[in-house]
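Here the structure is laid out as structure tokens; the discussion comes afterwards.
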Amino acid sequence: MTNPPITELNDRTRTIFRMVVESYLENGTPVGSRTISKFEGLSLSPASIRNVMQDLEELGLLAAPHTSAGRMPTEIGLRLFVDGIMQTAEPSAAEQRAIESQINGEGPIEEALAAATSVLSGLSACAGLVIVPRREAILKQFGFVRLSPLQALAILVGSDGSVENRLVDISADITDSSLNEAANYVTARLSGLTLADALKRLDKEIRAEKAALDAASANLVRRGLAMWTLDANDRPVMIVKGQSNLLDESAAADLDRVRQLLDELENKEEIAKLIDSARDARSARIFIGAENNLFSLSGSSVIASPYRDEGGQVVGVVGVIGPTRLNYARIVPMVDFTAQTLSRLMK
4 MTNPPITELN DRTRTIFRMV VESYLENGTP VGSRTISKFE GLSLSPASIR
54 NVMQDLEELG LLAAPHTSAG RMPTEIGLRL FVDGIMQTAE PSAAEQRAIE
104 SQINGEGPIE EALAAATSVL SGLSACAGLV IVPRREAILK QFGFVRLSPL
154 QALAILVGSD GSVENRLVDI SADITDSSLN EAANYVTARL SGLTLADALK
204 RLDKEIRAEK AALDAASANL VRRGLAMWTL DANDRPVMIV KGQSNLLDES
254 AAADLDRVRQ LLDELENKEE IAKLIDSARD ARSARIFIGA ENNLFSLSGS
304 SVIASPYRDE GGQVVGVVGV IGPTRLNYAR IVPMVDFTAQ TLSRLMK
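Laid out in structure tokens, this is it:
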């Protein structure tokens, strides 16, 4: 169903819709007309409110669970609310202090990013997420270990001590001495370079016929280095903190959805790609439920905001994930403030 423009709702309908959504987001239970009639400043009978709520249901903005006479916003209704009605404010002074005190430049940037996800998770009662800035690995050592006649294990050791393994297909004519020759060449000639620069030097030396490699070994090195380069570009690194927040008391009535969300969080690659798509946003971007196929079963929401380096370039994304029943008005500015704090740290 197409989301109706907010301008199509008259003032009374818009007010009742806002009250239903805000009450549901605060309490997590369907909202009845009698509850709305008790709100200050609304002089309407429960019967009149029920009629308006029925109209909103027919528009696809509210739904009535079969177990309750009250109504709750649909995902379409939530989208209309956050885009056209919701009013946000700056995080409280206490929240700002909590975020800034945890995000500092006293250690490696990864520690600050982990701290950002932890504090954001604690303040929002959601799981915190952050995409780590992409950094090209600096080669220190490179090796091959034959696993079978047609497959080898490529081992890359980075200058930071990190070790990564990848399976690589090899041709039948590649000998053990060819594998050793290729590994020794990379370590001796390409150590200290990024993967991209290593590939450039390899190609340059091959063209100048200075590479001490035969054609098969040179091709193997090129494929090995290119594999890591593509891998780094296609798979953003994500830190997740606070999954336990998704198992609070309110989750008891909806354990299947929570289990599904936790399963989705295990698939970090797909979650990371979704979060990373917020890179082009100017501020927080909101993904609600089945708007994204990834959350079609769990009905989860993500709020994510990009952070930048000293040159203004987006280097990562920070955010939270939780049920669609989030306090969007409070959490959206909180995520934005965290992104701004990380941006200041990068300068």
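Just so we're aligned: 6 in my numbering is position 3 of the sequence shown, and the numbers increase by one with no gaps anywhere.
Idealized CB from N, CA, C, for every residue including glycine.
Remember, predicted model here, so these are calculated numbers, not experimental data.
DSSP state of residue i mapped onto helix, strand, coil
i                : result
proline 326      : strand
arginine 169     : strand
lysine 244       : strand
phenylalanine 84 : helix
lysine 3         : Because residue 3 is not part of the residues shown, which for the chain are 4 to 350, the question remains open.
valine 189       : helix
threonine 120    : helix
glycine 110      : coil
glycine 319      : strand
leucine 64       : coil
methionine 89    : coil
serine 181       : helix
leucine 150      : strand
arginine 285     : coil
Candidates the options, of which the one nearest residue i by Cα
i             : options                           : result
cysteine 129  : Ser162, Thr197, Ala186 and Leu265 : Leu265
proline 152   : Phe145, Gly131 and Asp176         : Asp176
valine 148    : Glu313, Glu109, Leu123 and Ala186 : Ala186
glutamate 40  : Gly195, Ile52, Gly31 and Tyr27    : Glutamate is not the amino acid found at residue 40; the sequence shown has serine there. When each option's Cα is compared against that of serine 40, the closest is Ile52.
leucine 348   : Asn13, Asn107, Ser162 and Gln90   : Asn107
alanine 96    : Arg74, Leu126 and Ala115          : Leu126
isoleucine 79 : Ala67, Pro309, Gly63 and Leu193   : Gly63
alanine 50    : Gly44, Ser36 and Phe42            : Ser36
glutamate 273 : Asn296, Arg285, Pro136 and Arg225 : Asn296
asparagine 13 : Glu43, Val55, Ser48 and Gly44     : Val55
glutamine 343 : Asp312, Pro326 and Gly325         : Asp312
threonine 341 : Met89, Ala115, Ser180 and Thr38   : Ala115
serine 162    : Thr178, Leu142 and Gln154         : Leu142
glutamine 90  : Asp283, Ser48, Pro336 and Leu345  : Pro336
leucine 216   : Ala67, Asn168 and Asn183          : Asn183
leucine 47    : Arg15, Val135, Ala157 and Thr178  : Arg15
aspartate 179 : Leu193, Arg169 and Gly146         : Gly146
glycine 131   : Ile278, Val317 and Gly315         : Ile278
threonine 38  : Arg210, His69 and Met75           : Met75
arginine 282  : Ser220, Pro136 and Val24          : Pro136
Terminal residues of the beta strand (DSSP E) in which residue i lies
i          : result
serine 304 : 303-311
valine 23  : Looking at the DSSP string, valine 23 is not in any beta strand (DSSP E); the run it does join, the alpha helix (DSSP H), is 14-30.
Element boundaries [alpha helix (DSSP H), containing residue i]
i                 : result
leucine 159       : Leucine 159 -> not in any alpha helix (DSSP H); beta strand (DSSP E) instead, spanning 154-161.
phenylalanine 340 : 331-349
isoleucine 289    : It is not in any alpha helix (DSSP H) - isoleucine 289 instead sits in the beta strand (DSSP E) that spans 288-291.
valine 133        : Where valine 133 is concerned, there is no enclosing alpha helix (DSSP H), although the beta strand (DSSP E) it sits in stretches over 130-134.
aspartate 58      : 49-61
threonine 38      : 36-40
alanine 275       : 271-279
glutamine 105     : 96-105
lysine 207        : 198-210
Any chain B beta carbon closer than 9 Å to residue i
i                 : result
phenylalanine 290 : No chain B appears in this structure, which consists of one protein chain only.
- prompt: If you pair each beta-carbon of the stretch 282-294 with each one of the stretch 73-85, do three or more pairs fall below 8 Å?
  reply: yes
query: Counting Cβ pairs closer than 8 Å, one from the stretch 92-108 and one from the stretch 302-316, do we hit at least three?
result: Flag = no, the stretch 92-108 and the stretch 302-316 do not touch.
message: When you compare the stretch 315-327 with the stretch 110-128, are there three or more beta-carbon pairs, one atom per stretch, that lie closer than 8 Å?
response: yes
query: Counting Cβ pairs, one atom from each stretch, are 3 or more of them under 8 Å apart for the stretch 240-248 and the stretch 201-210?
result: Because the criterion of three Cβ pairs below 8 Å is not met, the stretch 240-248 and the stretch 201-210 do not touch.
message: Could you check whether the stretch 16-29 touches the stretch 54-67, counting it as contact only if at least three pairs of C-beta atoms, one from each stretch, sit closer than 8 Å?
response: yes
task: Evaluate contact between the stretch 328-345 and the stretch 24-36, counting only Cβ atoms and requiring at least three cross-stretch pairs below 8 Å.
output: yes
- prompt: Do the stretch 164-178 and the stretch 189-200 make contact, defined as three or more Cβ pairs closer than 8 Å?
  reply: no
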